[in-house]
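Enquirer: One structure, pasted below without further comment.
Number of protein chains: 2
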Amino acid sequence: MSVTAAKGFTAAGIAAGLKESGNPDLALVVNTGPRRAAAGVFTSNRVKAAPVLWSEQVLKSGQVSAVVLNSGGANACTGPQGFQDTHATAEKAAEVLGTGAGEVAVCSTGLIGVLLPMDKVLPGVEAAAGQLSEHGGEKAAIAIKTTDTVHKTSVVTRGGWTVGGMAKGAGMLAPGLATMLVVLTTDADADTAVLDRALRDATRVTFDRIDSDGCMSTNDTVLLLASGASGVTPEYDDFAEAVRTVCDDLGQQLIRDAEGASKDIKVEVVNAATEEDAVQVGRTIARNNLLKCALHGEDPNWGRVLSAIGTTSAVFEPDRLNVAINGVRVCKNGGVGEDRELVDMRYREVHIVADLAAGDATATIWTNDLTADYVHENSAYSS
Amino acid sequence: MSVTAAKGFTAAGIAAGLKESGNPDLALVVNTGPRRAAAGVFTSNRVKAAPVLWSEQVLKSGQVSAVVLNSGGANACTGPQGFQDTHATAEKAAEVLGTGAGEVAVCSTGLIGVLLPMDKVLPGVEAAAGQLSEHGGEKAAIAIKTTDTVHKTSVVTRGGWTVGGMAKGAGMLAPGLATMLVVLTTDADADTAVLDRALRDATRVTFDRIDSDGCMSTNDTVLLLASGASGVTPEYDDFAEAVRTVCDDLGQQLIRDAEGASKDIKVEVVNAATEEDAVQVGRTIARNNLLKCALHGEDPNWGRVLSAIGTTSAVFEPDRLNVAINGVRVCKNGGVGEDRELVDMRYREVHIVADLAAGDATATIWTNDLTADYVHENSAYSS
Chain A
19 MSVTAAKGFT
29 AAGIAAGLKE
39 SGNPDLALVV
49 NTGPRRAAAG
59 VFTSNRVKAA
69 PVLWSEQVLK
79 SGQVSAVVLN
89 SGGANACTGP
99 QGFQDTHATA
109 EKAAEVLGTG
119 AGEVAVCSTG
129 LIGVLLPMDK
139 VLPGVEAAAG
149 QLSEHGGEKA
159 AIAIKTTDTV
169 HKTSVVTRGG
179 WTVGGMAKGA
189 GMLAPGLATM
199 LVVLTTDADA
209 DTAVLDRALR
219 DATRVTFDRI
229 DSDGCMSTND
239 TVLLLASGAS
249 GVTPEYDDFA
259 EAVRTVCDDL
269 GQQLIRDAEG
279 ASKDIKVEVV
289 NAATEEDAVQ
299 VGRTIARNNL
309 LKCALHGEDP
319 NWGRVLSAIG
329 TTSAVFEPDR
339 LNVAINGVRV
349 CKNGGVGEDR
359 ELVDMRYREV
369 HIVADLAAGD
379 ATATIWTNDL
389 TADYVHENSA
399 YSS
Chain B
19 MSVTAAKGFT
29 AAGIAAGLKE
39 SGNPDLALVV
49 NTGPRRAAAG
59 VFTSNRVKAA
69 PVLWSEQVLK
79 SGQVSAVVLN
89 SGGANACTGP
99 QGFQDTHATA
109 EKAAEVLGTG
119 AGEVAVCSTG
129 LIGVLLPMDK
139 VLPGVEAAAG
149 QLSEHGGEKA
159 AIAIKTTDTV
169 HKTSVVTRGG
179 WTVGGMAKGA
189 GMLAPGLATM
199 LVVLTTDADA
209 DTAVLDRALR
219 DATRVTFDRI
229 DSDGCMSTND
239 TVLLLASGAS
249 GVTPEYDDFA
259 EAVRTVCDDL
269 GQQLIRDAEG
279 ASKDIKVEVV
289 NAATEEDAVQ
299 VGRTIARNNL
309 LKCALHGEDP
319 NWGRVLSAIG
329 TTSAVFEPDR
339 LNVAINGVRV
349 CKNGGVGEDR
359 ELVDMRYREV
369 HIVADLAAGD
379 ATATIWTNDL
389 TADYVHENSA
399 YSS
């Protein structure tokens, strides 16, 4: 269902020849209206890919008619030529769809530092436009995969309106958005301001809190497009909840498909002085390579949790820290707690609770273990 | 030669039974004078092991007669009992050496969160004292190994005086000191103030700039002890240079022996606006797991260097960044530079130069690649 679950959208996914494998690599999502409101959030990486620079400009108008997405090349660190290529892609889509290039967002993903083969991209856009369909959502989701093993979609339907979406992402998952492309669509009748607020509220506590490998991408983009085709204007809170639910679901799918991972690790920081402290501590634990290796080895090595907490600037006293792993309080008041042998580490999900005993703020960060498969996937070939 | 290269020092290394393997695990270094001046730097981790808390107090007097070091247990996150155990260790050494416990520094390394078997440590201290020798430096260096594959020592001799030292460290190597224990000795006639200044000047640009895996330890300690036995008082600059040379040599030995590493990576940041910027960028590059995997795979993936730089707050313009890998300028003005196929990646050392084009400050950070062997070493058992 994906991006075409909501009324007022068509999509397509095709093989344009960008990937040597011949797999699908170009997707098109079109808002057929009546509304064409949109909001977007982008990577906070200061080295931004050409399509991010372009789409940030497009989103300033709050109007998006279409999104062109390609895998098989990130078009990042490609200089003025890369930006011209993105522009040409948007112009091509505008031409075949009968809209303006200023309403066409572009997203790219793949290897950094290589120009896209425009002799394949431009015909690809035309071919995709010829295959646009109200049932094209799944094909679009498949076409944006890179090292993803599965395509990721999610749909929530409320009273007469729907929010749906697709995501790609498997490595380079980190903060300021996890490395990924996400397109969300809705047929709710919502204006740009509502979309922007709901999207930022949602990404702050979902995509921004998954951190598979601490590496932030140059291409992260999350777009929310509204067609208004349902004719229903939901209450803000209901709409925001639906957007957050779809983002959370897609975020979980990203973590579960992270490169080489064998564990999905939920790091819950509780009793922090501030939410900022909680996020900082959660991220620092989530990025500790030694801990991630230990958890891969099913070793509830809480000492590595404490040594990670100790590198943060959060408010805490070392002798008041508590850590529970899978429900066993292995560290109590900064020292040895319950027997670590009691921790059952056999399952894919690992739940760490770090109690800072410094307030009542909380945050949850999701990450993965560090495995030989991760090393293999990221060393055996360029990606 | 190690810590007994300088006159006025004895040392010993024995197997006290802390390691299941039966390998040496307890070392003693004694300053026989006439001076007993000392300086120390400790981990900036806020979760500090008991021996760090103890030794910080000892160093406040600027006088150290002896150092007890053990592997086989970090005595970190062990609460009040852990601190009492460190105190008892110092008392025992003071008793058998005829000095005060307040002049005995203690260092521990090994698994976090486990109490030391004091029924083995205390007899071990006594046994080590019985074997003190002016030739004991190497044995001491061997006894502090954990996952180190080799023991690390270094000696510099200048006009009539010597600086020597030993180090242990292989994993959890990161900033605010790389995870390690280091004891340096000198027979130069230098007071505490000179030692302190020379040690801080040296560690700031040596140990503080090796970052194997981004993980900071709870136990890092670097001590510099002066006996004055040479009767020579060197010029400050000469002395500082000798200390820095020994620290640099030991730091390089740590990087070369890092857990599972197959590459030693020199990240040189040039033309930064400030030294702080240069260090921040260097560290961020050094900690990028995706880059570390790529370099393991002998892939000069400069896109991952740029995406790492982009996450920093350093002064730079993305389209002025340059990156050279092993002498080939693969990224020029933020885009594609010379052909990456020209980069020879066959050797163990990899040299990355990141040019921020924003000033004239520079810094060099050393790190390692990320390998399946690293994952294995840190997941197969607790350490």
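Line order of the protein sequences matches chains A and B. For my numbering, count along the first sequence from 1 and bump the result up by 18. For my numbering, count along the second sequence from 1 and bump the result up by 18. Even for Gly, the Cβ is constructed at its ideal location relative to N, Cα and C. These figures come from a predicted structure and were not determined experimentally.
1) Could you tell me if A/ARG364 is buried or exposed, where buried requires 16 or more neighbouring beta carbons within 10 angstroms of its beta carbon?
2) Expressed to the nearest angstrom, what Euclidean distance is found between the alpha-carbon atoms of A/ALA147 and A/LEU199?
3) Please state whether DSSP places B/ARG347 in a helix, a strand or coil.
4) Can you tell me the Cα-Cα spacing of B/ASN319 and B/ASP357, whole angstroms?
5) Counting contacts by CB-CB distance shorter than 8 Å, is A/THR96 in contact with chain B?
6) Taking beta-carbon pairs under 9 Å, can you tell me which members of the region 58-69 of chain A lie near chain B?
7) Compare the beta carbon distance of A/LEU46 and A/VAL173 with 8 Å and say whether it is the shorter of the two.
8) Does the pairing of the region 220-232 of chain B with the region 97-110 of chain B give three or more beta-carbon distances under 8 Å?
9) What span of residues does the beta strand (DSSP E) with B/GLY182 cover, start to end?
10) In or out: B/ASP362 buried (at least 16 other Cβ within 10 Å) or exposed?
11) Less than 8 Å between the C-beta atoms of A/THR171 and B/GLY328, yes or no?
12) Is A/ASP226 close to chain B, meaning its C-beta is less than 8 Å from at least one C-beta of that chain?
13) Is the distance from the Cβ of B/ILE383 to the Cβ of B/VAL341 below 8 Å?
14) How would you call A/PRO52, buried or exposed, if buried means at least 16 neighbouring beta carbons within 10 angstroms?
15) Along the region 160-183 of chain B, where does the CB come closer than 9 Å to a CB of chain A? Name the residues.
16) Check each residue of the region 367-391 of chain A: if its Cβ is closer than 7 Å to any Cβ of chain B, include it; give the result in chain order.
17) Excluding five sequence neighbours on each side, which residues of the same chain lie with their C-beta closer than 7 Å to the C-beta of B/LYS281?
18) Note down the Cα distance separating A/TYR392 from B/THR22, rounded to an integer number of angstroms.
19) A/VAL212 to A/MET184, Cα distance in whole Å?
20) My assumption, with CB atoms under 8 Å, is that B/VAL114 sits in contact with B/VAL201. Please give the rounded CB distance.
21) Any idea what DSSP makes of B/LEU191, helix, strand or coil?
22) Considering only residues of the same chain and omitting the five flanking positions on each side of A/ASP43, which have a CB-CB separation below 7 Å?
23) For the putative contact between A/ASP275 and A/VAL168, defined by C-beta atoms under 8 Å, what is the C-beta separation to the nearest angstrom?
24) Please classify B/SER245: is it buried, with 16 or more other beta-carbons within 10 angstroms of its beta-carbon, or exposed?
25) Does DSSP classify A/ILE228 as helix, strand or coil?
26) To the nearest angstrom, how far is the alpha carbon of A/PRO193 from that of A/THR28?
27) Throw me the rounded Cβ distance for the A/VAL76 and A/ASN49 pair, which I believe falls under 8 Å.
28) Looking at the unbroken beta strand (DSSP E) that takes in A/CYS233, where does it start and where does it end?
29) Buried or exposed, going by whether 16 or more other CB atoms sit within 10 Å of the CB of A/SER39?
30) 8 Å is my cut-off, CB to CB: does B/ASP357 come that close to chain A?
31) Answer with yes or no whether the minimum CB distance from A/MET234 to chain B is below 8 Å.
32) For A/ALA112, I'd like the list of residues in its chain whose CB is within less than 6 Å of its CB, leaving aside the five on either flank, ordered along the chain.
33) A/GLY377 and A/ASN307: beta carbons closer than 8 Å?
34) Who pairs with B/ASN49 in a beta bridge, going by DSSP?
35) Are the CB atoms of A/ALA296 and A/LEU309 within a distance shorter than 8 Å?
36) Quick one: which chain B residues come within Cβ less than 7 Å of A/VAL393?
Expert: Let's see:
1) Indexing the first sequence from 1 puts residue 364 of chain A at position 346. Label assigned to A/ARG364: exposed.
2) Translated into the one-based positions of the first sequence, residue 147 of chain A becomes position 129. Translated into the one-based positions of the first sequence, residue 199 of chain A becomes position 181. Their Cα atoms are separated by approximately 20 Å.
3) Within the second sequence, numbered from 1, the residue matching residue 347 of chain B stands at position 329. Strand at B/ARG347.
4) As a working note, residue 319 of chain B is residue 301 in the second sequence. As a working note, residue 357 of chain B is residue 339 in the second sequence. Cα to Cα, the separation comes out at about 12 Å.
5) Start at 1 with the first residue of the first sequence, and residue 96 of chain A comes out as number 78. It does: the Cβ of A/THR96 has a partner Cβ on chain B nearer than 8 Å.
6) THR61, SER62, ASN63, ARG64, VAL65 and LYS66
7) The count along the first sequence starts at 1 and reaches residue 46 of chain A at position 28. The count along the first sequence starts at 1 and reaches residue 173 of chain A at position 155. Cβ distance not < 8 Å, so A/LEU46 and A/VAL173 don't count as in contact.
8) no
9) Stepping through the second sequence from its first residue, residue 182 of chain B is reached at position 164. Start and end: 180-186.
10) Position 344 of the second sequence, counted from the first residue, corresponds to residue 362 of chain B. Result: exposed.
11) In the first sequence, residue 171 of chain A corresponds to position 153, counting from 1. In the second sequence, residue 328 of chain B corresponds to position 310, counting from 1. The answer is no: Cβ separation not under 8 Å.
12) Counting from one through the first sequence, the residue named residue 226 of chain A turns up at place 208. A/ASP226 does not count as touching chain B.
13) Sequence index remark: in the second sequence, residue 383 of chain B carries index 365 (1-based). Sequence index remark: in the second sequence, residue 341 of chain B carries index 323 (1-based). Result no, Cβ atoms of B/ILE383 and B/VAL341 do not sit closer than 8 Å.
14) In the first sequence, residue 52 of chain A corresponds to position 34, counting from 1. With fewer than 16 Cβ atoms within 10 Å of its Cβ, A/PRO52 is classed as exposed.
15) none
16) LEU388, THR389 and ALA390
17) Position 263 of the second sequence, counted from the start, is the residue given in the question as residue 281 of chain B. Taken in chain order, the residues that qualify are LEU313, HIS314, ARG366, VAL368, ASN386 and ASP387.
18) For the purposes of this step, residue 392 of chain A is taken as residue 374 along the first sequence, with counting starting at 1. For the purposes of this step, residue 22 of chain B is taken as residue 4 along the second sequence, with counting starting at 1. Near 44 Å, if we compare the C-alpha coordinates of B/THR22 and A/TYR392.
19) Along the first sequence, one-based indexing puts residue 212 of chain A at 194. Along the first sequence, one-based indexing puts residue 184 of chain A at 166. Distance between the alpha carbons of A/VAL212 and A/MET184 is about 20 Å.
20) Stepping through the second sequence from its first residue, residue 114 of chain B is reached at position 96. Stepping through the second sequence from its first residue, residue 201 of chain B is reached at position 183. Actually they are not in contact, since the Cβ atoms of B/VAL114 and B/VAL201 sit about 19 Å apart, beyond 8 Å.
21) As a first step, residue 191 of chain B is located in the second sequence; it is residue number 173 there, counting from the start. At B/LEU191, the pLDDT of 46 sits below 50, so the modelled position is not reliable and the matter cannot be decided from this model.
22) Position 25 of the first sequence, counted from the start, is the residue given in the question as residue 43 of chain A. Closer than 7 Å at the Cβ level, and outside the excluded window around A/ASP43, lie ALA33, ALA34, LEU36, LYS37, ASN88, SER89, GLY90 and ALA161.
23) Within the first sequence, the letter at position 257 stands for residue 275 of chain A. Within the first sequence, the letter at position 150 stands for residue 168 of chain A. With a Cβ gap of about 6 Å, A/ASP275 and A/VAL168 count as contacting.
24) Position 227 of the second sequence, counting from 1, holds the residue named residue 245 of chain B. Buried, by the Cβ-count rule.
25) By 1-based counting over the first sequence, the position of residue 228 of chain A is 210. If DSSP states are grouped into helix, strand and coil, A/ILE228 belongs with the strands.
26) Counted from its first residue, the first sequence places residue 193 of chain A at position 175. Counted from its first residue, the first sequence places residue 28 of chain A at position 10. Only weak support exists for where A/PRO193 lies, its pLDDT of 42 falling under 50; the value from the coordinates is given anyway. Approximately 31 Å between the Cα atoms of the pair.
27) Taking the first sequence and counting its residues from 1, the one referred to as residue 76 of chain A is at position 58. Taking the first sequence and counting its residues from 1, the one referred to as residue 49 of chain A is at position 31. The Cβ separation is near 13 Å, so there is no contact.
28) If you number the first sequence from 1, residue 233 of chain A lands on position 215. Neither: A/CYS233 is in no beta strand (DSSP E) and is coded neither H nor E.
29) On the first sequence, position 21 is the one that residue 39 of chain A refers to. The residue is exposed, with fewer than 16 neighbouring Cβ atoms inside 10 Å.
30) Translated into positions along the second sequence, residue 357 of chain B becomes position 339. Output row for B/ASP357: interface = no.
31) Position 216 of the first sequence holds residue 234 of chain A. So yes, A/MET234 belongs to the interface.
32) Locating residue 112 of chain A in the first sequence gives position 94, where the first residue counts as 1. Closer than 6 Å at the Cβ level, and outside the excluded window around A/ALA112, lie GLY118, ALA119 and VAL122.
33) Residue 377 of chain A sits at position 359 when you count from the first residue of the first sequence. Residue 307 of chain A sits at position 289 when you count from the first residue of the first sequence. Against a cut-off of 8 Å, the Cβ pair of A/ASN307 and A/GLY377 comes out as no contact.
34) As a first step, residue 49 of chain B must be located in the second sequence, where it is residue number 31. Partner(s): B/PHE27.
35) As a first step, residue 309 of chain A must be located in the first sequence, where it is residue number 291. As a first step, residue 296 of chain A must be located in the first sequence, where it is residue number 278. It is not a contact, given that the beta carbons lie outside the stated cut-off.
36) Position 375 of the first sequence holds residue 393 of chain A. In chain order: CYS311, HIS314, LEU388, THR389, ALA390 and VAL393.
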